[in-house]
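For reference, the structure discussed in these notes is given below.
Number of protein chains: 2
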Amino acid sequence: MTNAVKQPLRVGVLGFGGLGQAAARVLAPKQELRWVAAADRHGYAYDPAGLDADRCRAAYRDRGSLGELHPQGCRSDHSIADLIARAQVDGYFLALPNLPNTFMADVARQLMQSGWRGVLVDALKRTSAMEQLLALHADLQQAGITYLTGCGATPGLLTAVAAIAAQSYAEIHEVRITFGVGIANWEAYRATIREDIAHLPGYDVEMAQAMSDAEVTALLDRTEGILKLENMEHADDIMLELAGICPRDRVTVGGVVDTRNAKKPLSTNVQVTGRTFEGQRSTHTFTLGDETSMAANVCGPAFGYLKAGAALHQRGQYGLFPATAVMPQFAR
Amino acid sequence: MTNAVKQPLRVGVLGFGGLGQAAARVLAPKQELRWVAAADRHGYAYDPAGLDADRCRAAYRDRGSLGELHPQGCRSDHSIADLIARAQVDGYFLALPNLPNTFMADVARQLMQSGWRGVLVDALKRTSAMEQLLALHADLQQAGITYLTGCGATPGLLTAVAAIAAQSYAEIHEVRITFGVGIANWEAYRATIREDIAHLPGYDVEMAQAMSDAEVTALLDRTEGILKLENMEHADDIMLELAGICPRDRVTVGGVVDTRNAKKPLSTNVQVTGRTFEGQRSTHTFTLGDETSMAANVCGPAFGYLKAGAALHQRGQYGLFPATAVMPQFAR
């Protein structure tokens, strides 16, 4: 063993809405990860020495894009493609909107076509989006990319705990994820809220995406700011099925989003119910502390998986991996 | 991809006390794992076609050793060495007593010296026992053995959940494991109870090991069957330190063992307290269902890690790995 100083991993963040901005703040104090690149819809910023989260947020908020950051920014209508071509990045966090549902797979293809090699992590939600990525496994292997999918909170943190909790049982009867989200102001999470609306009875992805801000506000006025979601299409189901833990129809995801209070309407939890080898039926429960935000529970795991993915990449393990296949590392 | 039928992993269990016998029952219904070998102090049993848990238990209980099982058994005063030399086994679960504290490391050395290659998992408890194993990393690499240590309940299941729960936080303040164990009859877990007694104030490993059954019974009479344990030396601490999650002194393990009731005196749980990137202090909690036994929570994870270890071994990843470095797989 040598005492050589290990270089920090150079990290990029694609997407700079609520999640991307939180990711920048999560990265700021970390020694092992250096945030060097980010892209939004209208531009990108790149600095090999590291970007400043506050300055980036100010450029995005006040001037509409990271491209306005001086001197590291660049306006572009092909911001992701331009950034990929220019930046030296070891791993990207795809903090992109989940809509359109093909977004993650499209960006993965773009990265493959560019010849870039490295680690990708996402915090996608829908089963159908993950299925598109699973189909890219061989292509990603060929391209030398290690892509870990489902690295957020759910799927992600809660799914991983469920997969470990399952170990006590001979058979799994049910995995039930119930989340509570409280956000003081829905407009900080425009894309996320539209994704949630798409899960409501009578709505679909296209309808939700087409809604104006005024229409979203009107809907939230009718529900007093509460979105109650049941039987959501969440990729936790396919991840636990692929891990051999249970058929996907035994996994349910639902929750309550309060768009007018930072306080969570209920404590996010996952319950894993099964039968032990002695024939006992029982339930393990994992409950998140109410003071932990969605951003903390998504971005922390995402970078823990990015660090784990870098170790896989270094060993030549390329392809598409559901996050549940890998133990996240703790990125300091 | 071919449709070749995958051969089950051939599994051995070293030690046939309460834990080893439970392991046999856990293995019985599994398609992916075949229990072919086991050793106790006085003999061993081996059958490439698979051993029968009930017949093995009867031989052990009624005739004192697996060596009395006909025709698969063999009496031996060097049962582990003899079994290793004879059996074709892909992975062993070391379901050995934790005392003497050097037991696991000694058996690991024995396996290395025999030229055997494969996967080892243990359910050890003490930090000092794990430190002995960590010192064997290079030797195990050289020997072509993949050894996952700390694969039981605590350390093991609870440590892995703690490592994942930590992902939400920028800094971890405390990991607190509190277990409740209820066993109807302490004499089914003679070695385990002595290990617990060794943690009591005024006792140490040597004293506990030297106690006769009558002395243990007398002690339990004085405490009405309850053992209350605080600040136990448990390897969860070194595992979380090695994972970079927190210094070991922030990890505490304690619990209550009721030796006269199968019902747990409290629900086993792990609490992970930390600070999020926004500066919020919070606590995630994972609680085991009361109906899950110690045996279920130890043996399930052990075989999940054995399956994961087999994948590492196949890729040529040899050496000593704390279980927290690896995601357990679900062994069907």
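Chains as they are written, first to last, in my numbering: chain L, 1129 to 1460; chain C, 1129 to 1460. Ideal Cβ positions, reconstructed from N, Cα and C, are used throughout, including at glycine.
Check, Outcome
"Segment contact, 8 Å Cβ cut-off, at least three pairs: the region 1445-1453 of chain C with the region 1270-1282 of chain C", "yes"
"Per DSSP, the bridge partner or partners of residue 1397 of chain C", "C:1306, C:1415"
"Residue 1211 of chain L and residue 1201 of chain L closer than 8 Å at C-beta", "no"
"Status (buried if at least 16 other CB within 10 Å, exposed otherwise) for residue 1207 of chain C", "buried"
"For residue 1248 of chain C, the residue or residues it bridges with in DSSP", "C:1220, C:1275"
"Contact with chain L by residue 1204 of chain C, beta-carbon distance below 8 Å", "no"
"Cβ contact check for the region 1365-1372 of chain L and the region 1242-1253 of chain L: 3 or more pairs under 8 Å", "no"
"Candidates C:1427, C:1311, C:1455, of which the one nearest residue 1140 of chain C by Cα", "C:1427"
"Residue 1179 of chain C at chain L interface by Cβ criterion, 8 Å", "no"
"Interfacial residues, the region 1410-1426 of chain L to chain C, with Cβ spacing under 8 Å", "1410, 1411, 1412, 1413, 1414, 1415, 1416, 1417, 1418, 1419, 1420, 1421, 1423, 1424, 1425"
"Interfacial residues, the region 1282-1304 of chain L to chain C, with Cβ spacing under 8 Å", "1285, 1288, 1289, 1291, 1292, 1293, 1294, 1295, 1296, 1297, 1298"
"Paired residues, beta bridge with residue 1292 of chain L - DSSP", "Answer by DSSP bridge pairing: none, since residue 1292 of chain L is not bridged."
"Whole runs of the beta strand (DSSP E) within the region 1312-1382 of chain C, excluding any shorter than 3 residues", "1354-1357"
"Beta strand (DSSP E) runs wholly inside the region 1167-1232 of chain L, at least 3 long, in chain order", "1171-1174, 1201-1203, 1219-1222"
"C-alpha gap between residue 1355 of chain C and residue 1287 of chain C, whole angstroms", "22 Å"
"Per DSSP, cross-strand counterpart(s) of residue 1386 of chain C", "C:1310, C:1354"
"Minimum Cβ-Cβ distance from residue 1453 of chain C to chain L less than 8 Å", "yes"
"Residue 1131 of chain C at chain L interface by Cβ criterion, 8 Å", "Caution is warranted here: a pLDDT of 44 is assigned to residue 1131 of chain C, below 50, making its placement in the model unreliable, and no coordinate value can be reported."
"Contact between the region 1259-1269 of chain C and the region 1433-1448 of chain C (3+ Cβ pairs under 8 Å)", "yes"
"Residue 1481 of chain L, DSSP secondary structure in three states", "There is simply no residue 1481 of chain L to check, as chain L begins at 1129 and stops at 1460 in what is shown."
"Residue nearest to residue 1182 of chain C in terms of C-alpha spacing, selected from C:1199, C:1149, C:1397", "C:1149"
"Residue range of the unbroken beta strand (DSSP E) whose run includes residue 1448 of chain C", "1447-1450"
"Any 3 or more C-beta pairs closer than 8 Å across the region 1389-1396 of chain L and the region 1308-1317 of chain L", "yes"
"Beta-carbon neighbours of residue 1153 of chain L, restricted to chain C and to distances below 7 Å", "1405"
"CB contact below 8 Å: residue 1371 of chain L versus chain C", "yes"
"Short CB-CB distance (under 8 Å) between residue 1442 of chain L and chain C", "no"
"Selection from L:1229, L:1223, L:1152, L:1436 that minimises the alpha carbon distance to residue 1163 of chain L", "L:1152"
"Buried versus exposed call for residue 1323 of chain L [16 or more other C-beta atoms within 10 Å across all chains shown]", "buried"
"Contacting positions in the region 1171-1197 of chain C - beta carbon closer than 9 Å to chain L", "none"
"Whether residue 1197 of chain C touches residue 1173 of chain C by CB criterion (8 Å)", "yes"
"Limits of the unbroken alpha helix (DSSP H) element including residue 1073 of chain C", "Because residue 1073 of chain C is not part of the residues shown, which for chain C are 1129 to 1460, the question remains open."
"For residue 1258 of chain L, the three-state DSSP class (helix, strand or coil)", "helix"
"Residue 1458 of chain C at chain L interface by Cβ criterion, 8 Å", "yes"
"Residue 1145 of chain C: contacting residues in chain L (beta-carbon distance under 9 Å)", "Here the premise fails: no neighbours, minimum Cβ distance about 17 Å."
"Cutoff 8 Å: residue 1375 of chain L Cβ touching any chain C Cβ", "no"
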